[in-house]
Structure formats: C-alpha cells, structure tokens
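With the first letter of the sequence shown counted as 1, position 395 gets the number 827 in the numbering used here; the numbers rise by one all the way through.
Positions of the beta carbon are idealized from the N, C-alpha and C atoms, including for glycine.
See structure below.
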Amino acid sequence: MKKHLLLLVTLLVLFLAACDGNGLSSPFSKGESIAEIQGAGHFSLFENETVTNVWGIVTVIRADGFYMESLTPDNDPATSEGIFVYTEWVPDVKVGDEVMVDAEVEEMFPGGVGTENLSITQLNDPVVTVKSSGNPLPEPTIIGEGGRIPPDTVIDNDTNGVVSNETLFDPEQDGLDFYESLEGMRIQINQAMVIGPTNSYKEIVVVGDMGAHAGVFTPQGGLVLREEDYNPERIILDDRLAETPFVQIGDYSEAPIIGVVDYEYGNFKILPTTKISFTSGGLKQEEAVSAEEEGQLRVVSYNVENLSAKDTERIKNLADQIVSLLSIPDIIGLQEIQDNNGAPNMSGVEADETYQAIIDAILAEGGPEYGYVNIDPKPERDGGEPGGNIRVGFLYRLDRDFALVDAPHGDAMTAVEVLDVDGEPQLSLNPGRIDPTHDAFVESRKPLAVQFTYQGESLFLINNHFNSKGGDSPLFGEVQPPELKSEIQRLLQARVVNDFVAEILAIDSDARVIVLGDLNDFQFSEPLNVLKGEILLNLMDTLPLEERYTYVYDGNSEALDHILISENIEDAFVSLDILHINSGFDDVQRFSDHDILIATFEFVAADE
C-alpha cells in the first residue's frame, strides 16, 4: 500500500513539473521561445537558422498560415510574444490549439527585397505538432489606456540609413519600434475613433481612446500632419481577415476592436479577427461659403479627380457645388480635367466637351455662363490615368469685369514667354504653358499661365499640378528618415514656376500674380519654400493649424493644395477658406479626394 502511495505521489510531482500553471502540457525539452526568436529589434538573431520545439497557442488562422503566441512571455515589452507561421496552404490547425513548431526563421520582406518595406519575422517550412486543443487564448495587449500607449510624435529618430539591429531599438519613443515590438501579437483597441475614412482598399485609420493621446485634431475629427509630427499613433485596420465597413472621419467604435499586428505596403496594420462596426460621428459637409461682396474677386482651386465628359452625374454634382456651395466664384482653377472620352480610351486629347459639359450644367443649375481656358497636352505625356490625358485649366465668369488679354493661343509644346511691352509684362501666348519641354515636367502636368484684365490692370494666374509623391520611401519603411525621391522633380518644378513669376515682377514689381493648384506637397516642404522664394506668400499659412488640410492620406490630414500670391497684393487679400466637403468621407461617397480652396480679394481699381 505504501509503495502504491509513493508511486502516486511521484507521478503527481512529475505531472506538476510538466505544467506551467495553466493546465497546458509543457514539453520536457522546450526550444527557443517566441520572444527569443523575435528579439528586441527588427531582425531576428536566429535568421536563416532552424529552431525547434517553439511552443505556443494558435491565435489566428490565415489562408497561408497561422499566428501563434507564447504561453511563457518574458515580460519584456520590447520583444514580441507573437509570430506568423507560414504554411503556404490553409494550415491543419485550429484557433486554440497548443502547438510545437520546428521551422526555419526568415525575415520576409512583403513585396520582396528592395521595396523599402520592413521585414516580417516568420517561421517557414514548419513541422507542427498539436499538443492539445480548445485552449483559451492569451489576453490581447491593449494599445492605449490600460495597456501600452503608442508614441505620438516620433516614427524613428535613431536610424540614418537602413533599419538594422545596429541602431537603437526604442519602442517607448519610436513608433516604428513600438509596432515592431507587437508584431504577430493579438492587440485590443478601445474606443477607436476614425481619422482616415474607408479607402479603396477597404482600410480604415483610427486612434484609440477617442483620441485622448493623439495630436492636433481638425474640426471634423482628423489628425493634422505637422512638420515634426507625422502621427505615429495612427492605427490602420485592414480587411484581410474580416470585413471592414464604410466609415467617415469622426465615426467611432463602442466595442473593443481585437486583431493581430501585421505589416505590408509600408505600414504596420491591425487585422481585425471579427467583423467590426462603428457608430456615426455625424460628419457633414461644410456649409456653403457666403456670396462675395460687391467689388470682391473670388478665385478657387479644385482638383476634380479625373473628370471627363462621360462622367455626366459627377459633372452635375460639380455644377451643384459651384452654384450652391462655392457661390459661383469668378475664376476656378481646375486640376485633373481629362479628355472628352476619359480613361482608359486612348483616342484623342481634346477636352472641349468636358469643359462645355461643366458650363452647361452650371447654367442648368441657375448659374452664370462661364468661359474656359485650356491647352490640350500631347497624348500620354502628362501622367495620370492611362488614356485620361489629365491637364489643368480654368473656368471664368463671362459676366464679370475681366477678360482674357489678346495674344496667340498656346499649344502643348511651345513655351510662353514674358514680354516687356512699354514697361508692362505681357504673355507671349495667352494661355500658354510654362517651359513644357523642361526636364521638370517629364511625365507630369505642365503649368498653365493666363493673363486677364481686371479693373483695367493685368491679373496673372498660374495653374499647377506638380508630380505626386509616388515612389517615396514609406513613413514606416526600412529607410529612415524616408527618402523623398519624388521631391527632386517637385523642386525643379517649383524653381521653374518661381523663375517665371520673377520675370513678371522684374518688369512690374506691382504686378498681380496668383499661383494655385495641387502642388502635392506640404506648406512647410522644401518645394513650397522654393516656390515661394522671396516673392510669393502662401495663403495656407494664414489659417489656424487645425484648418491646414485639403487631403487625408493614411489618416494624416494634410495640405497638398495651395494658393500663393505675389507679396504686393497682400493688402488686397481678404480671406482663404477651405471647403471640407470631400476628404473626410469614404471613397464611395465623396466627389473628389481633395477639398476646395477659395481665396477672396478686394483690389482697389487703378483710377481710385
């Protein structure tokens, strides 16, 4: 009897020794832990090595593998407790399975090496052994109050080149390192508030805790991008595992959002594991601007996002905006006007039907008759959607006290010049394109200059659509600080336009010059500084910080569209308004991805 009792006690001791206090079996020979494999850095010290007996719980299933999380966390916030196991096909495991994995450690670059993406530490060619099933999952790590609060200013300030394990890993201060330290883990976001509406990829950008730990907000609820703050607290929700709804800026989730941390396309992303829902924050389009007063001149800049004559409903919407919301402004600078048949049709570059359709629709809405200013580009020379042949142009009211100065009409390839006619600047072509064969404008829109007479004096306007930011290093990429490759061309474009304005002012320092358009860069950027030089004022700088945005990208509310004026007409400047009717709304609801700039002036007539 005593021998049997002694044997029972011995077996009980061995059983308890084989458990980790959670009722789950623990192998007698555990291998490397997930935290050891992940390490406190962006690259595993076990890269290209085989690890054995990696122990954890399956937390999420994907079509090509599964995420697992450690059962023995090391309590070091710098080391992730989660990892992705790549199986290529649907894995033969279930959520809640306790598994042992033998595999090779790989640093996988989404899109491949050379894309400037960060890598994902994952386990390849796994041999998976299921030890038990139906186990509870580890509690998700809260991002925000009650858990780990993300950095709110710095993405990375330790790297000067390519991210490596040689640079300081600082998840407390650097957003890049913060999300890396959670790679592959289950996380929870409480009181998620939308700062980036649903885009065409069904991504949503949020901040937790209703923005309690986030930066400067716009009146609509967006997060303002600032020169020294690109808002690392932004969290992108992706629909890879569960459907995401269409939401607008300011919408919020009452229920916690639980998902797993992943990385692709230059961003860390949260993959919600169940369907998520949001409560409307009540976002509405801003109200119409008041009608201009007698003696005032109103100039608008609007990127209408690939608009052609075939877009009949969108043209009706634009006409309604011009009449009802913009109060029929005097001059409208338009960007992304397409040819008559639009993309992807490859025949023809003329846009006369597109402009006329807009003019007719304005008349149908009870507005005045407008004229238009346009130069057709060479086919497929100016970028944009293939077959669309986008360009910049103007609409101007025919019932107001201004008219086009008489000069030959320019063409796609002939550069307009500034002539000195009896001490007055005059365009050699009206309208004319500024230096269209310059390297600055290869595969990009050419600036369009036009000269009106207003109150007996010349008024020069230059409409621009600088090259996009496509090709820049991602904010959360391996190159830090990000390399702004596209900026090189915008710098050239800004210099050409600044030089052209300088030619006008060299003849008449009191000339009235307005430069406007989608400049694809921020008010504090180097291209905008070059464009301004010592001769132009950016009206964006006159607005409060929280109003300085015309566009929302990855949850950053930012200013890409601008109106600049020659310094000598500063006294005539009355106000700049930005009509925020697009950027805060999802990809389906909005008319364009840009908001509208409206500048109002009150010039003193020459004879007064």
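Count the other CB atoms within 10 Å of the CB of valine 490; is the residue buried (16 or more) or exposed (fewer)?
As a position in the sequence shown, residue 490 is number 58, starting the count at 1. So valine 490 ends up on the buried side.
Under a three-way DSSP split, which group does asparagine 589 fall into?
Position 157 of the sequence shown, counted from the first residue, corresponds to residue 589. Three-state result, asparagine 589: coil.
Can you give the Cα-Cα distance for threonine 630 and alanine 934, rounded to whole angstroms?
Along the sequence shown, one-based indexing puts residue 630 at 198. Along the sequence shown, one-based indexing puts residue 934 at 502. Straight-line measurement puts the Cα of alanine 934 at about 43 Å from the Cα of threonine 630.
DSSP on lysine 748, reduced to helix/strand/coil?
If you number the sequence shown from 1, residue 748 lands on position 316. Of the three classes helix, strand and coil, the one that applies to lysine 748 here is helix, per DSSP.
Residue burial classification, proline 429 (beta-carbon count within 10 angstroms, cutoff 16):
Since the first residue shown for the chain is 433 and the last is 1040, residue 429 is missing from the structure and cannot be characterised.
For isoleucine 581, which of Gln921, Tyr695, Gln605, Trp521 has the nearest alpha-carbon?
By one-based count along the sequence shown, residue 581 stands at place 149. With distances taken between Cα atoms, isoleucine 581 lies closest to Gln605.
Which residues does DSSP list as the beta-bridge partners of valine 692?
Against the sequence shown, residue 692 aligns to sequence position 260. According to DSSP, which records beta bridges pairwise, valine 692 is partnered with Arg618, Leu703.
Does the Cβ of glycine 566 have 16 or more other Cβ atoms within 10 Å, making it buried, or fewer, making it exposed?
For the purposes of this step, residue 566 is identified with residue 134 of the sequence shown, where counting begins at 1. Answer is exposed; the Cβ neighbour count stays below 16.
Start and end residues, alpha helix (DSSP H) containing leucine 795:
Position 363 of the sequence shown holds residue 795. Taken as a continuous stretch (DSSP letters only), the alpha helix (DSSP H) holding leucine 795 covers 784–796.
CB tyrosine 983 to CB histidine 1012, shorter than 8 Å?
What you label residue 983 is simply residue 551 of the sequence shown in a count that begins at 1. What you label residue 1012 is simply residue 580 of the sequence shown in a count that begins at 1. No, these two residues do not count as a Cβ contact at 8 Å.
For leucine 827, the nearest candidate out of Glu978, Tyr734, Ala741 (CA to CA)
Mapped onto the sequence shown, residue 827 falls at position 395. The candidate whose alpha carbon is nearest that of leucine 827 is Tyr734.
Quick one: Cα of leucine 830 to Cα of glutamate 660, how far?
Looking up residue 830 in the sequence shown gives position 398. Looking up residue 660 in the sequence shown gives position 228. Those two C-alpha atoms are separated by around 45 Å.
Runs of beta strand (DSSP E) lying entirely within the stretch 848–885, each at least 3 residues, in chain order:
850–853, 856–859
Looking only at its own chain, which residues have a Cβ that is under 7 Å from the Cβ of glutamate 785, when we skip the five neighbours before and after it?
Translated into positions along the sequence shown, residue 785 becomes position 353. Closer than 7 Å at the Cβ level, and outside the excluded window around glutamate 785, lie Ala741, Asn772.
Locate the beta strand (DSSP E) running through phenylalanine 932, then write down its first and last residues.
Here residue 932 corresponds to residue number 500 of the sequence shown, with the count starting at 1. According to the DSSP assignment, phenylalanine 932 belongs to no beta strand (DSSP E) but to the alpha helix (DSSP H) extending over 919–939.
Using C-beta distances below 7 Å, list every residue in its chain close to valine 928, excluding the 5 sequence neighbours before and after it, in chain order.
For the purposes of this step, residue 928 is taken as residue 496 along the sequence shown, with counting starting at 1. For valine 928, where only same-chain residues beyond five positions count, the Cβ hits under 7 Å are Ile866, Asp867, His870, Ala872.
Excluding the 5 residues preceding and the 5 following serine 1015 in the sequence, name in chain order all residues of the same chain whose CB lies nearer than 6 Å to its CB.
Locating residue 1015 in the sequence shown gives position 583, where the first residue counts as 1. The beta carbon of serine 1015 sits closer than 6 Å to the beta carbons of Tyr983, Val984, Asp1027 from its chain, once the five residues preceding and following it are set aside; these are given in chain order.
Exposure label - asparagine 597; buried when at least 16 CB within 10 Å
Position 165 of the sequence shown, counted from the first residue, corresponds to residue 597. When all chains shown are included, asparagine 597 counts as exposed.
Within 10 angstroms of the Cβ of tyrosine 633, are there 16 or more other Cβ atoms? Answer buried if so, exposed if not.
Here residue 633 refers to the residue found at position 201 when the sequence shown is read from its first residue. Tyrosine 633 is exposed by the Cβ-count criterion.
Could you tell me how far apart the beta carbons of isoleucine 667 and valine 639 are, in whole angstroms, since I believe they sit closer than 8 Å?
Numbered from 1 along the sequence shown, position 235 holds the residue referred to as residue 667. Numbered from 1 along the sequence shown, position 207 holds the residue referred to as residue 639. Right, their Cβ atoms sit about 7 Å apart.
With the cut-off set at 8 Å, would you say isoleucine 681 and threonine 705 are in Cβ contact?
For the purposes of this step, residue 681 is taken as residue 249 along the sequence shown, with counting starting at 1. For the purposes of this step, residue 705 is taken as residue 273 along the sequence shown, with counting starting at 1. It is not a contact, given that the beta carbons lie outside the stated cut-off.
Backbone CA spacing between leucine 477 and leucine 924 [nearest angstrom]
For the purposes of this step, residue 477 is taken as the residue at position 45 of the sequence shown. For the purposes of this step, residue 924 is taken as the residue at position 492 of the sequence shown. Their backbone Cα atoms lie some 44 Å apart in a straight line.
If you scan the stretch 459–531 from start to end, which runs of the alpha helix (DSSP H) of 4 or more residues do you find wholly inside it?
466–470
Residues bridged to glycine 714 (per DSSP)
The sequence position of residue 714 within the sequence shown is 282, counting from 1. None, per the DSSP bridge assignment.
Please return the same chain residues whose Cβ sits closer than 7 Å to the Cβ of tyrosine 802, not counting the five positions on each side in sequence.
Counting from 1 along the sequence shown, the entry for residue 802 is found at position 370. If we look at tyrosine 802 and ignore the five residues flanking it on each side, its Cβ neighbours are Ile791, Ile794, Leu827, Tyr828, Arg829, Leu830.
Taking Cβ positions, are valine 850 and isoleucine 939 nearer each other than 8 Å?
As a position in the sequence shown, residue 850 is number 418, starting the count at 1. As a position in the sequence shown, residue 939 is number 507, starting the count at 1. Yes; because the gap between Cβ atoms is below 8 Å, this pair is in contact.
Stretch-stretch touch, CB-based, cutoff 8 Å, three pairs: the stretch 684–701 with the stretch 718–729
no
Per DSSP, the bridge partner or partners of isoleucine 1001:
In the sequence shown, the residue the question calls residue 1001 occupies position 569. Answer is none; isoleucine 1001 lacks a bridge partner.
Is it a yes or a no for the stretch 900–910 touching the stretch 849–863, going by three-plus beta-carbon pairs under 8 Å?
no
With respect to the alpha helix (DSSP H) encompassing proline 959, which residues constitute its N-terminal and C-terminal limits?
Taking the sequence shown and counting its residues from 1, one reaches residue 959 at position 527. Note, proline 959: alpha helix (DSSP H), 958–964.
Since aspartate 641 and asparagine 622 should fall inside the 8 Å C-beta cutoff, what is the C-beta to C-beta distance between them, to a whole number of angstroms?
What you label residue 641 is simply residue 209 of the sequence shown in a count that begins at 1. What you label residue 622 is simply residue 190 of the sequence shown in a count that begins at 1. Confirmed, about 6 Å.
Give a yes or no on contact between the stretch 961–977 and the stretch 698–712, applying the rule of three or more CB pairs nearer than 8 Å.
no
Does DSSP classify leucine 443 as helix, strand or coil?
Your numbering for residue 443 matches position 11 in the sequence shown. A caution first: leucine 443 carries a pLDDT of 40, below 50, which makes its placement in the model unreliable, though a value can still be read off. Leucine 443: helix per DSSP, three-state reduction.
Between the Cα of tryptophan 521 and the Cα atoms of Phe498, Val947, Gln470, which residue gives the shortest distance?
One-based indexing of the sequence shown puts residue 521 at position 89. Per the Cα distances, Phe498.
From serine 457 to glutamate 577, what distance separates their C-alpha atoms?
The sequence position of residue 457 within the sequence shown is 25, counting from 1. The sequence position of residue 577 within the sequence shown is 145, counting from 1. Because the pLDDT at serine 457 is just 49, under 50, the model does not fix this residue reliably, and the point stays unresolved.
If we count the other Cβ atoms within 10 Å of its Cβ and call it buried at 16 or more, is serine 989 buried or exposed?
Reading the sequence shown from its first residue, position 557 is the one you call residue 989. Serine 989 is buried by the Cβ-count criterion.
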